[in-house]
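Worksheet for the structure shown next.
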Amino acid sequence: MVTGVEVSDEALLAGMAAGDQEAAGVFVRRFKARVYGLAIAIVGLSTEAEEIAQDTFLRAWRYAGAYDPRRGSVATWLLTITRNASVDVLRIRREVPVDPGSLLAALSLSYDGGTEQLADALRLRSALAEIPREQATSVVLSVFFGLTAAEIASRDGIPLGTAKTRIRSGLLRLRDKLGVTDG
Amino acid sequence: MVERFGCDDAADLLLDVATGAATGADRDQVLQHADSCVICRTELADLAAVADGLLPLVPHREPPADFTEYVLDRIASSERPMSLVDERRRRRAPRVLAYAAALLLVAALGGGLVWWRTGTDRSVAADYRGALTAGNGKYIRAGQVLSEDGVQVGRVFAYQGDPSWLLLTVTSAPRDGTYSVHMYTKAGSQKDVGQCVVVDGACTLGVTIGDVNAGEIRVVRLECPVGTRLTASFAEPPAR
């Protein structure tokens, strides 16, 4: 039986993999604000974000047994699912332009995650503010909005090589600031 | 002669894979290469860790008040497969029946469409009505199945009748594997309709859809556990 906040993310996911709906309830309550927050930050519309968030949890329930802790934390796994689902929606309505500026601003505004991730988050936020704006924008376009380097080059009217350099340099500088490889 | 996918090829795509922006086909190629190349594997892991580390930085937002209850209702009513083998076995019988019915009707409609090009509208209408009557049906819808990068990889048909059914044919999926198939209605509900086992890029799934109105289907999604997704949507309203 799931008793509350002391249960680890991994244990909840294991419970879900075994078909424990009570574990699923705790899991949804624990992550819903993070999942919904990411979805709405990417797609912008609350109705679509809610549907994406629902689908994300359904997918987590369905594929809980496929989670591999060696490849990242539960939160990262879940948010990656959220990001992919959100990008799917963006690709369907591809005529709508994305706004990396507002998301970039939101990333540097606040962080309300758990204390164990706070130091990394603060370092990343700090690094995002310090790297050149065009690098940060390219990273956001790629990581959050699912644009390939070629799509960013086309969008910004720059050579493909320049787009790749911006993304790579941005990621490498963030990595240097972070100093670790995964949470 | 097939060129071997090497480090130079992987380097071109590594960034897109690390950030999650790559198409399924590109991702497959890079991951396959990275399996046997420690340099590319290390760089990919480094870059992906940074990219993934950005996702939690987005500010939290509380969804609507009834969100948790609604998700848990969907989880309670969803059919999470105990195992892929059991699930395939359970669904095989009705799927084969529906598939046969679908093939018959699609063939009839296909014949009608050919006739349309050489005959009169009245004739094709009569043929269409005849096919629907034979299948206890009201209308049929058709659409495209698209990969993540917008390339058509198959077709989808939805038939409103007794029984109503869905027929999905994929001919060039970017990745082989077992795809879970989920149907979403315009009203926002979701129904798991089975699995499609893609081999050499191809699969076919025919299932009855119970009391779901074929005209109310908004989109059908095929999801592979490794992340590849295909989307089937209906571009036209049902022909009544």
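In order, the protein sequence lines correspond to chains B and P. No gaps in the numbering here: position 120 of the first sequence is 846 in my numbering, and each next residue is one more. No gaps in the numbering here: position 198 of the second sequence is 259 in my numbering, and each next residue is one more. Even for Gly, the Cβ is constructed at its ideal location relative to N, Cα and C.
Starting from residue i and walking both ways along the beta strand (DSSP E), at which residues does that stretch end?
i: His243 of chain P; result: Gly238 to Thr246
i: Val207 of chain P; result: What sits at residue 207 of chain P in the sequence shown is Leu, not Val. Its beta strand (DSSP E) spans residues Gly198 to Leu207.
i: Cys264 of chain P; result: Cys264 to Thr269
i: Phe218 of chain P; result: Gln213 to Gly222
i: Asp96 of chain P; result: No beta strand (DSSP E) holds Asp96 of chain P; the alpha helix (DSSP H) holding it covers Gly85 to Asp96.
i: Ala750 of chain B; result: First-last for Ala750 of chain B: Gln747 to Val769, but that is the alpha helix (DSSP H), not the beta strand (DSSP E).
i: Ala293 of chain P; result: Arg290 to Ser294
i: Val260 of chain P; result: Neither: Val260 of chain P is in no beta strand (DSSP E) and is coded neither H nor E.
Name the chain B residues that come within less than 8 Å of residue i, Cβ to Cβ?
i: Leu76 of chain P; result: Ser868, Ala875, Lys890, Ile893, Arg894 and Leu897
i: Tyr131 of chain P; result: Gln780
i: Thr265 of chain P; result: Those within 8 Å of Thr265 of chain P in chain B number zero; the least Cβ separation is about 22 Å.
Return the first residue and the last residue of the alpha helix (DSSP H) that residue i is part of.
i: Phe783 of chain B; result: Ser772 to Tyr789
i: Thr129 of chain P; result: Phe128 to Ser138
i: Asp794 of chain B; result: Here Asp794 of chain B belongs to no alpha helix (DSSP H), and DSSP marks it neither H nor E.
i: Thr80 of chain P; result: Cys68 to Thr80
i: Val99 of chain P; result: Val99 to Leu115
i: Thr230 of chain P; result: Here Thr230 of chain P belongs to no alpha helix (DSSP H); instead the beta strand (DSSP E) covers Trp226 to Val231.
i: Glu877 of chain B; result: Ala875 to Asp882
i: Leu739 of chain B; result: Asp735 to Ala743
Nearest to residue i by alpha carbon, out of the options?
i: Lys313 of chain P; options: P:Asp127, P:Met244, P:Gly114 and P:Ser225; result: With chain P covering 62 to 301 only, the question about residue 313 of chain P has no answer from this structure.
i: Cys98 of chain P; options: P:Gly114, P:Cys68 and P:Pro124; result: P:Cys68
i: Ala831 of chain B; options: B:Leu900, B:Ala775 and B:Ala767; result: B:Ala767
i: Arg859 of chain B; options: B:Ala889, B:Arg809, B:Ala847 and B:Arg797; result: B:Ala889
i: Ala203 of chain P; options: P:Leu227, P:Leu283 and P:Val214; result: P:Leu227
i: Glu856 of chain B; options: B:Ala779, B:Arg901, B:Gly741 and B:Gln780; result: B:Arg901
i: His243 of chain P; options: P:Leu283, P:Ala112 and P:Val214; result: P:Leu283
i: Tyr245 of chain P; options: P:Ile270, P:Ala112, P:Gln90 and P:Cys257; result: P:Ile270
i: Thr129 of chain P; options: B:Gly872, B:Val761 and B:Ser799; result: B:Val761
i: Leu873 of chain B; options: B:Pro826, B:Ser799 and B:Gly745; result: B:Pro826
i: Asp134 of chain P; options: P:Gln93, P:Asp70 and P:Lys252; result: P:Lys252
i: Val258 of chain P; options: P:Val268, P:Leu118, P:Asp237 and P:Pro125; result: P:Asp237
i: Phe295 of chain P; options: P:Gly255, P:Ile201, P:Gln256 and P:Val273; result: P:Ile201
Going along chain P in order, which residues have a C-beta closer than 7 Å to the C-beta of residue i?
i: Arg817 of chain B; result: Glu209 and Gly211
i: Val754 of chain B; result: Thr129, Val132 and Leu133
For residue i, go through chain B and note every residue whose CB falls closer than 9 Å to its CB, in chain order.
i: Asp107 of chain P; result: Leu897, Leu898, Arg901 and Thr907
i: Ser241 of chain P; result: Arg785, Arg788 and Tyr789
With a cut-off of 8 Å on the beta carbons, I'd call residue i and residue j a contact; round off their distance for me.
i: Val78 of chain P; j: Arg88 of chain P; result: 5 Å
i: Val217 of chain P; j: Ala293 of chain P; result: 4 Å
i: Ala110 of chain P; j: Arg102 of chain P; result: Wrong, their Cβ atoms sit about 12 Å apart, outside the cutoff.
i: Val824 of chain B; j: Leu833 of chain B; result: Rounded, the Cβ-Cβ distance is 14 Å, inconsistent with contact.
i: Thr239 of chain P; j: Gly85 of chain P; result: Rounded, the Cβ-Cβ distance is 14 Å, inconsistent with contact.
i: Val800 of chain B; j: Leu739 of chain B; result: 6 Å
i: Tyr131 of chain P; j: Gln780 of chain B; result: 7 Å
Can you list the residues of chain B that residue i reaches, using a CB-CB cut of under 7 Å?
i: Val111 of chain P; result: Leu897, Leu900, Arg901 and Leu904
i: Ala82 of chain P; result: Ser868, Gly872, Leu873 and Thr874
i: Gly249 of chain P; result: Glu777
i: Pro125 of chain P; result: Glu776
Chain P partners of residue i, CB-CB under 9 Å?
i: Asp814 of chain B; result: Glu209, Arg282, Arg290 and Thr292
i: Leu771 of chain B; result: Within 9 Å Cβ-Cβ: nothing; Leu771 of chain B doesn't reach chain P, min ~13 Å.
i: Ala832 of chain B; result: Leu118, Val119 and Pro120
i: Leu738 of chain B; result: Neighbours of Leu738 of chain B on chain P: none; closest Cβ ~13 Å, over 9 Å.
i: Thr703 of chain B; result: Residue numbering for chain B in the displayed model covers 727 to 909; residue 703 of chain B lies beyond these limits and cannot be assessed.
i: Gly798 of chain B; result: Ala109, Ala110 and Asp113
List, in chain order, every chain P residue whose beta-carbon is nearer than 8 Å to that of residue i.
i: Gly741 of chain B; result: Result: empty, since nearest Cβ-Cβ is about 12 Å, beyond 8 Å.
i: Ile766 of chain B; result: Arg122
i: Tyr793 of chain B; result: Going along chain P, no residue has its Cβ under 8 Å from Tyr793 of chain B, so there is no contact; the nearest lies around 10 Å.
i: Gln747 of chain B; result: Leu133, Ile136 and Ala137
Any 3 or more C-beta pairs closer than 8 Å across the stretch 850–860 of chain B and the stretch 783–803 of chain B: no
Three-pair Cβ contact test at 8 Å for the stretch 255–262 of chain P versus the stretch 217–233 of chain P: yes
Cβ contact (3+ pairs, closer than 8 Å) linking the stretch 95–106 of chain P and the stretch 894–906 of chain B: no
The stretch 265–280 of chain P / the stretch 801–814 of chain B touching (three or more Cβ pairs under 8 Å): no
Stretch pair the stretch 745–753 of chain B + the stretch 199–209 of chain P: three plus CB contacts closer than 8 Å: no
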